[in-house]
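Report on the structure given below.
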Amino acid sequence: MEVAEAAVVIDHDDQPTYWHLPAGRTAASIPDSRDLWMVLWNGRERLAGVAHTHPAGVDQPSSIDLVTFRACEDGLGRRLSWWIVTPTEVMLCSHDPTDPRGYRCHPDPVPHAWVEPLRRHSWPATDSSAREES
Amino acid sequence: MRYARLNITWNGQNGDLPDPVSWHASDKEILQWATEAVRSGSVPGITKTHNVQLHRFVVDRFPANKQVPEDRIYVRPPTPFGAFLGDASRGINPCE
Ligand SMILES: [Zn+2]
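Heads up: the sequence lines are chains A and B, in that order.
One gets our numbering by counting positions in the first sequence from 1 and adding 55 to each.
One gets our numbering by counting positions in the second sequence from 1 and adding 9 to each.
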């Protein structure tokens with residue numbers, strides 16, 4: 056499989072509700088999508104946040120990510136959790152007016168069940184993880 | 010002149026502008042009108058908000074069809090993600 060960023064929508068019970076794997080995603084980007092926005096809007100009452108991958112391992116949001124975080128929260132009228140999943144880390148970003156970017160990211164110690172499936176949608180399983188699954 | 014109904018999503022609310030807008034207006038014009046409409050409280054369903062920020066939002070256009078017999082324009086938040094810090098040059102953010 057091609058390495059490509061992937062995203063998933065997470066609800067208040069920490070359950071994945073929508074796997075966002077659109078055409079046109081690359082190892083460094085996921086294109087704008089009205090479909091994803093409609094998922095967030097229609098599911099807003101139970102929406103906790105959105106996780107997306109950074110296959111290259113960058114553990115901080117890009118400028119594009121930050122615009123998306125802010126705009127979606129503005130549209131929904133409330134704050135969300137924004138996870139960034141790299142091959143080795145899970146970062147949780149949330150609004151923080153004391154950060155110059157408006158968002159601060161910390162390693163997330165919670166063992167979310169959706170993290171490994173999200174990684175599998177983003178890059179091939181490593182030898183060790185393939186063995187675990189077999 | 011071709012006109013469209015303009016729908017705006019902001020702050021957990023959603024509403025149509027009472028007056029139609031030009032279908033051929035630029036995205037920048039649409040976003041400016043939407044901003045002014047929310048600021049002035051003229052969108053039914055959306056509370057008047059002074060510090061509304063829509064300049065990074067996206068404009069979707071849908072021609073009339075059998076189900077929806079009028080042209081529709083929607084202003085909504087963008088949803089792209091990008092992995093490179095500071096990189097807005099790849100055409101994946103329609104607002105840049
Ligand atoms: Zn990102």
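The C-beta atom is built at its ideal place from N, Cα and C for all residues, glycine as well.
Neighbouring residues, chain A, relative to residue i (Cβ below 7 Å)
i: B:Gly91; result: Ala83, Ser84, Ser117, Ile119 and Asp120
i: B:Arg65; result: Val122 and Ala126
i: B:Asp69; result: Arg89
Close-in-space but distant-in-sequence residues of the same chain around residue i (CB under 6 Å, 5 per side omitted)
i: B:Thr58; result: Val47
i: A:His75; result: Ala62 and Leu91
Pick from the options that is closest to residue i, judged by C-alpha positions
i: A:Thr181; options: A:Thr143, A:Phe124, A:Pro152 and A:His167; result: A:Thr143
i: A:Pro166; options: A:Thr153, A:His150, A:Val145 and A:Arg99; result: A:Val145
i: A:Gly98; options: A:Ala82, A:Thr108 and A:Ile65; result: A:Ile65
i: B:Gln62; options: B:Pro86, B:Pro78 and B:Gly54; result: B:Pro86
i: A:Val105; options: A:Gln70, A:Asp114, A:Ser118 and A:Arg80; result: A:Gln70
i: A:Gln115; options: A:Gly157, A:Arg133, A:Ala59 and A:Glu171; result: A:Gly157
i: A:Thr108; options: A:Asp120, A:Arg159 and A:Leu102; result: A:Asp120
i: A:Ser149; options: A:Ala103, A:Ser136 and A:Gly132; result: A:Ser136
i: A:Pro162; options: A:Val113, A:Thr72, A:Ser84 and A:Thr153; result: A:Val113
i: B:Phe66; options: A:Arg125, A:Glu100, A:Ser117 and A:Arg134; result: A:Arg125
i: B:Leu26; options: B:Lys75, B:Gly50, B:Asp69 and B:Asn74; result: B:Gly50
i: B:His64; options: B:Asp28, B:Gln41, B:Lys75 and B:Ile82; result: B:Gln41
i: B:Trp19; options: A:Pro155, A:Ser118, A:Arg133 and A:Val94; result: A:Arg133
Proximal residues of chain A, C-beta to C-beta of residue i below 9 Å
i: B:Pro27; result: The contacting residues do not exist; B:Pro27 stays about 21 Å from chain A at best.
i: B:Trp19; result: Asp129, Gly130 and Gly132
i: B:Arg14; result: Chain A residues near B:Arg14: none, gap ~17 Å exceeds 9 Å.
i: B:Arg48; result: None at all; the shortest Cβ gap to chain A is about 14 Å.
Listed by chain order, chain B residues near residue i by CB distance under 7 Å
i: A:Ser88; result: Thr88
i: A:His107; result: Phe90
Residue span of the beta strand (DSSP E) that contains residue i, given as start and end
i: B:Ala13; result: Tyr12 to Trp19
i: B:Ser81; result: Here the sequence assigns Arg to residue 81 of chain B, which means Ser is not the residue at that position. Taken as a continuous stretch (DSSP letters only), the beta strand (DSSP E) holding B:Arg81 covers Arg81 to Arg85.
i: A:Arg174; result: From DSSP, A:Arg174 is part of no beta strand (DSSP E) but of the alpha helix (DSSP H) over Val170 to Arg175.
i: A:Ala180; result: A:Ala180 -> no beta strand (DSSP E), and no H or E assigned at all.
i: A:Met146; result: Val145 to His150
i: A:His75; result: Pro71 to His75
Per-residue contacts from residue i into chain A (C-beta, under 8 Å)
i: B:Gln76; result: Going along chain A, no residue has its Cβ under 8 Å from B:Gln76, so there is no contact; the nearest lies around 16 Å.
i: B:Gln22; result: Gly132
i: B:Gln41; result: By Cβ distance, chain A contributes nothing, its closest Cβ being about 16 Å from B:Gln41, past 8 Å.
Same chain only: Cβ atoms within 7 Å of residue i, ignoring 5 sequence neighbours per side
i: A:Pro164; result: none
i: A:Gly79; result: Pro86
i: A:Ala168; result: none
i: A:Ser173; result: Strictly speaking, residue 173 of chain A in this sequence is Leu, with Ser absent from that position. Taken in chain order, the residues that qualify are Ala61, Val63, Ala106, Thr108 and Val140.
i: B:Ala43; result: Leu15, Ile17, Leu63 and Val84
The alpha helix (DSSP H) enclosing residue i, as first and last residue numbers
i: A:Ala126; result: Ser118 to Leu131
Within chain B, partners of residue i - CB distance below 8 Å
i: A:Ala62; result: Phe90
i: A:Leu76; result: In chain order: nothing, as chain B lies at least about 12 Å away.
Beta-carbon proximity list for residue i, same chain, < 8 Å, skipping 5 on both sides
i: B:Asn23; result: Asn16, Ile17, Gly54 and Ile55
i: B:Arg11; result: Ser31, Trp32, His33 and Asp80
i: A:Ser177; result: Val58, Ala59, Glu60, Ala61, Thr108, Pro110 and Val140
i: A:Ala82; result: Glu57, Val58, Ala59, Glu60, Pro110 and Ala111
i: A:Pro77; result: Ile85, Pro86, Ser88, Asp90 and Leu91
i: A:Val122; result: none
Under 9 Å by beta carbon: chain C residues contacting residue i
i: A:Trp178; result: Among the protein chains in the structure shown, which are A and B, there is no chain C.
Partner residues on chain B for residue i, Cβ-Cβ distance less than 9 Å
i: A:Trp169; result: Under the 9 Å cutoff, chain B gives no residues; its nearest Cβ is about 16 Å from A:Trp169.
i: A:Trp138; result: Ordered by position in chain B, no residue passes the 9 Å Cβ test against A:Trp138, which lies about 11 Å from the chain.
**OP:** Tell me the start and end of each unbroken beta strand (DSSP E) in the region 11 to 66 of chain B that is at least 3 residues and wholly inside, in chain order.
**Re:** You should have 12 to 19 and 22 to 25.
Subject >> Inside the region 77 to 112 of chain A only - beta strand (DSSP E) runs reaching at least 3 residues >> reply: 102 to 108, all fully within the region 77 to 112 of chain A.
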